[in-house]
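Trainee: Below is the structure I would like to discuss, written out as structure tokens.
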Amino acid sequence: MTSVARCITSAIVVSLVALGSGCGGGVLECGQLPCPEPLLIYGDLTYKGNEPVHLRVRICRNAQCGEGELQAPALGADEEVLQGDLASTASLTSRSASDPWKLTVKVQDTEGADGDKVTLKLTTVPGGTVIFDEAASSVTYVVTHPNGPECRPTCRAAVVEFD
């Protein structure tokens, strides 16, 4: 069984929401929706919500990385700004004792490009057991217009896949 299967029960992909047009005919009426995070990675951990979790998270895009620790009590949550040269945050949330912990990593950096090398590493604290250490098999940026094709802003967001 691979570390992916042990650590994450569902594929990690980017949350890229196709939002409705906010632009109408005649007079241009645009919505005020902002761009989504340029790179958003999320997944389920095998830990259940009734278990406290303490993890070290490291996200890298090419040679830039962000790193920090998340520590959440049972049925709790934690969010931390990761330290390093890749502007990013990580969070853990749990909704119930039987649901798995949700891990979200947001990269605010807008310099990404198709073919970037993105890696994610999760390590237990204390102990240092690596529970996930994978490079994305592909990174593709797509252009979206959250308020409609004729409205601002024009956004770029990544689709990231881990095998």
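Note that this note's numbering has the sequence shown beginning at 4, numbered continuously upward.
Just so you know, even glycine gets a beta-carbon here, dropped at the ideal spot from N, CA and C.
With DSSP collapsed to three states, give me the class of Val128.
Mentor: Three-state DSSP puts Val128 in coil, outside helix and strand.
Trainee: Just list the residues that DSSP pairs Lys109 with in beta bridges.
Mentor: Looking at the DSSP assignment, Lys109 forms a beta bridge with Leu43, Thr92.
Trainee: Looking at Asp81: is its Cβ nearer than 7 Å to the Cβ of Leu95?
Mentor: yes
Trainee: Give me the Cα-Cα distance between Glu83 and Ala93, rounded to the nearest whole angstrom.
Mentor: 6 Å
Trainee: Please classify Val145 as buried or exposed, where buried requires at least 16 other C-beta atoms within 10 Å of its C-beta.
Mentor: exposed
Trainee: Which of helix, strand or coil does DSSP assign to Ala138?
Mentor: strand
Trainee: For Glu114 and Val108, what's the separation of their Cα atoms in angstroms?
Mentor: 17 Å
Trainee: Taking its Cβ as the centre, do 16 or more other Cβ atoms sit within 10 Å of Val133, making it buried, or is it exposed?
Mentor: exposed
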